[in-house]
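Read through the structure below, which is laid out as structure tokens, and then see the notes.
In mature numbering (1 follows the signal peptide of the UniProt record, and there is no 0), the protein residues as written are -27 to -1, 1 to 165.
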């Protein structure tokens, strides 16, 4: 009971502070993409430009070119809008499954010090949802509560492989469950 009240008070406080104080005090200024010993820093402004124009600039343009990614697809990924209620987001993220999800996500997206990652993600998600009852990846980047947001490329690649493997297993299982209805109907007795 106390935890729920505290959580709601914290959420309301975060939203109120964000409305009163300048947004730069709470917003990430750059995304640092790491891949093992390598790191590249991309200003949030470049993600904003890509989201609004579909054109990549600066460091982000170089990274997309290296990854052979289409800027238009990256734009769609950044701006894909999920309608959500901020109270629901806060409630779900403060449950055991929500905490687990945040802790898994925090292995990929984290602070420079790699501390308070779950809290930073929760704050960014709730703040993003509270602004317009929706979430986009761009809003998450913009509302991350530290100057730098780190994305671990090695962990991301590992997680994508695991998710793809899981999706492949689910797809195979669902295909196995599908009946061959036309064959079953043709061989069924007619009841005459």
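Don't be surprised by glycine CBs; every beta carbon is placed ideally from N, CA and C.
Check: Closest to residue 96 by CA distance: which of 63, 123, 54 is it?
Finding: In the chain shown, residue 96 corresponds to position 123, counting from 1. Looking at the Cα atoms, 63 is the closest of the given residues.
Next item on the list: Would you mind listing the beta strand (DSSP E) stretches within the region 73 to 142 that are 3+ residues and don't spill past its ends, in chain order?
Entry: 121 to 125
Next item on the list: Find the nearest neighbour of residue 113 within the set 131, 143, 82, judged by alpha-carbon distance.
Entry: Taking the first residue of the chain shown as 1, we reach residue 113 at position 140. Closest by alpha carbon: 82.
Next item on the list: Under 8 Å by Cβ, that's how I've got residue 198 and residue 123 pegged, so tell me the actual separation to the nearest angstrom.
Entry: This structure leaves residue 198 out entirely; the chain is present only between -27 and 165.
Notebook entry, point to check: Does DSSP classify residue 12 as helix, strand or coil?
Noted result: Within the chain shown, residue 12 is the residue found at index 39, counting from 1. In this structure, residue 12 counts as strand in the three-state DSSP scheme.
Check: Would residue 103 be called buried (16 or more neighbouring beta carbons within 10 Å of its own) or exposed?
Finding: Along the chain shown, read from residue 1 onward, the residue named residue 103 stands at position 130. Residue 103 comes out buried.
Notebook entry, point to check: How would you write the range of the alpha helix (DSSP H) that residue 54 sits in, first residue to last?
Noted result: Walking along the chain shown from the start, residue 54 turns up at place 81. From DSSP, residue 54 is part of no alpha helix (DSSP H); its letter is neither H nor E.
Check: In this structure, what does DSSP give as the bridge partners for residue 7?
Finding: The residue labelled residue 7 in the question sits at position 34 within the chain shown. 12, 125, per the DSSP bridge assignment.
Next item on the list: In angstroms with no decimal places, state the Cα-to-Cα distance between residue 93 and residue 143.
Entry: Here residue 93 is taken as the residue at index 120 of the chain shown, counted from 1. Here residue 143 is taken as the residue at index 170 of the chain shown, counted from 1. Roughly 32 Å separates the two Cα atoms.
Notebook entry, point to check: For residue 148, which residues from the same chain have a beta carbon less than 7 Å from its beta carbon, with the 5 sequence-adjacent residues on both sides left out?
Noted result: The residue labelled residue 148 in the question sits at position 175 within the chain shown. Counting only Cβ-Cβ distances below 7 Å, and skipping sequence neighbours, we find nothing.
Checklist line | 6 Å CB neighbourhood of residue 29 in its chain, flanking five on each side removed | finding: As a position in the chain shown, residue 29 is number 56, starting the count at 1. 23, 37, 44, listed in sequence order.
Item checked: Contact set for residue 117: own chain, Cβ-Cβ below 6 Å, skip 5 residues either direction -> Position 144 of the chain shown, counted from the start, is the residue given in the question as residue 117. Cβ neighbours of residue 117 beyond the five flanking positions: 1, 97.
Next item on the list: Out of 89, 58, 8, 137, state which residue places its alpha-carbon closest to the alpha-carbon of residue 72.
Entry: Within the chain shown, the letter at position 99 stands for residue 72. Of the candidates 89, 58, 8, 137, the one whose C-alpha sits nearest the C-alpha of residue 72 is 89.
Next item on the list: Starting from the C-beta of residue 106, find all residues in its chain whose C-beta is less than 6 Å away, skip the five residues before and the five after it, and write them out in chain order.
Entry: As a working mapping, residue 106 is identified with position 133 in the chain shown. Result list for residue 106: empty, nothing under 6 Å.
Margin query: Quick check on DSSP: helix, strand or coil for residue 31?
Written below: Here residue 31 corresponds to residue number 58 of the chain shown, with the count starting at 1. If DSSP states are grouped into helix, strand and coil, residue 31 belongs with the helices.
Next item on the list: Alpha carbon to alpha carbon, how far is residue 31 from residue 136? Give it in angstroms, no decimals.
Entry: To locate residue 136, count along the chain shown from 1; it is residue 163. To locate residue 31, count along the chain shown from 1; it is residue 58. Computed Cα separation, rounded: 31 Å.
Checklist line | Whole-Å CB distance - residue 55 paired with residue 75, under 8 Å assumed | finding: Looking up residue 55 in the chain shown gives position 82. Looking up residue 75 in the chain shown gives position 102. About 16 Å; that fails the 8 Å criterion.
Check: Using the C-alpha atoms, what's the distance from residue 15 back to residue 51?
Finding: Within the chain shown, numbered from 1, the residue matching residue 51 stands at position 78. Within the chain shown, numbered from 1, the residue matching residue 15 stands at position 42. The straight-line gap from Cα to Cα measures roughly 14 Å.
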